[in-house]
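Going by numbering that gives the first Met the number 0, the first residue of the sequence shown is number 0, and it counts up by one from there. Don't be surprised by glycine CBs; every beta carbon is placed ideally from N, CA and C. These figures come from a predicted structure and were not determined experimentally. These notes concern the structure reproduced below.
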Amino acid sequence: MLVVMYHYVRRDSAEYPNFNHLRVDDFERQLDYFEKEYGFVTRAQFLSSFDTGKIPKGVLLTFDDGLSDHYENVYPILKKRGIFGIFYVPTGHYKNKQKKLLSVHRVHYLKGKYNSKNLLPEALSYISSDMLDQSKIHEFDMEIYKDQSQSKSEYQLKRLFNYFLKPEHVEPILDILMKKYFKESELYDKIYLKVHQIKEMHDNGYLIGGHTENHNVLSRLGYLEQEREIMNSFSFLENIVGKLKVKSFCYPYGGKSSFNSDTVDILCRNDIHHSFMVGNEDVKDIKNRHFLKRMDCNRF
0 MLVVMYHYVR RDSAEYPNFN HLRVDDFERQ LDYFEKEYGF VTRAQFLSSF
50 DTGKIPKGVL LTFDDGLSDH YENVYPILKK RGIFGIFYVP TGHYKNKQKK
100 LLSVHRVHYL KGKYNSKNLL PEALSYISSD MLDQSKIHEF DMEIYKDQSQ
150 SKSEYQLKRL FNYFLKPEHV EPILDILMKK YFKESELYDK IYLKVHQIKE
200 MHDNGYLIGG HTENHNVLSR LGYLEQEREI MNSFSFLENI VGKLKVKSFC
250 YPYGGKSSFN SDTVDILCRN DIHHSFMVGN EDVKDIKNRH FLKRMDCNRF
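As structure tokens, this is what we get:
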């Protein structure tokens, strides 16, 4: 089984010349290719594999971050073609009355609209060495984003906010940059799934999965904070769609350093059915259900 991971699926925009996304027409071409070469895994085949141990042949599609792209551009195509998929939704921003984007998406939109070469030195001008988590720099620098094609400045900007800054400094610095460059509340209204859209996709047979509340690197959090991030996310989703018969989860960022043994223990203790990480290989064994691997769509 080949599991493919998607984020932004949209049309090109002159307003965001540096945005990393998969074009809608390229998405459809990928589906044509997958159909011809592999076929697609159905919901029933995927879920039954955990009971039978038999890995289905074909492609399973997954979509991260609860983006409006998934309802507007992906969902209609999947419905038309009769293709199953899983949608992973971080939920913390729905509780934010200020309509602020999650940090990960603030970085995406900043670098998407403006050149990372200019943004990086500006961001660094607000940062002193004591604001960096020196203990994590070597650990994360060994693997993060290694399979993504991007400029050096873009790579540095993303890892600065996602991994190296101490958590208490991330939001204040992004607040400064977002206030300078965006009307954030207007942007917020455009980019995330609406609650009724989540319910509609669930009611039409697509799995809605947990992706934590705030899309933080879980391995940087303590046990109780990880548990709150994970379980509060599922509670929010169940308030929308009703009780989830299958609780599917994917780790934010997804690399092996992005979660730890505490994370897996929390998932097991709370009856999370399965979890996806990032990897460059097919799923050949379903036994380690919290270590299922996915490939980035840009590899195809």
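Check: Select from Arg293, Lys151 and Leu159 the residue whose C-alpha is nearest the C-alpha of serine 127.; Outcome: Leu159
Check: Identify the continuous beta strand (DSSP E) that holds isoleucine 378 and give its terminal residues.; Outcome: In this structure the chain extends from 0 to 299, so residue 378 is not present and cannot be described.
Check: Got a sec, what are the start and stop residues for the alpha helix (DSSP H) threonine 51 sits in?; Outcome: 42-51
Check: Quick one: grab the DSSP three-state call for threonine 262.; Outcome: helix
Check: What would DSSP say about arginine 80, mapped onto helix, strand or coil?; Outcome: helix
Check: Who are the near neighbours of lysine 165 in its chain, counting only those whose CB is closer than 8 Å to its CB and skipping five residues on each side?; Outcome: Met130, Leu131 and Asp132
Check: Counting along the chain, where does the beta strand (DSSP E) carrying serine 247 start and finish?; Outcome: 247-249
Check: Hey, would you say isoleucine 207 sits closer than 8 Å to valine 106, going by beta carbons?; Outcome: no
Check: Between the C-alpha atoms of glutamate 237 and valine 263, what's the straight-line distance to the nearest angstrom?; Outcome: 21 Å
Check: Along the beta strand (DSSP E) that carries phenylalanine 306, what are the first and last residues, could you check?; Outcome: Any question about residue 306 goes unanswered here, given that the chain covers just 0 to 299.
Check: Of all the options Met294, Gly111 and Glu167, which has the alpha carbon lying nearest to the alpha carbon of phenylalanine 18?; Outcome: Gly111
Check: Quick one: Cα of lysine 182 to Cα of lysine 283, how far?; Outcome: 46 Å
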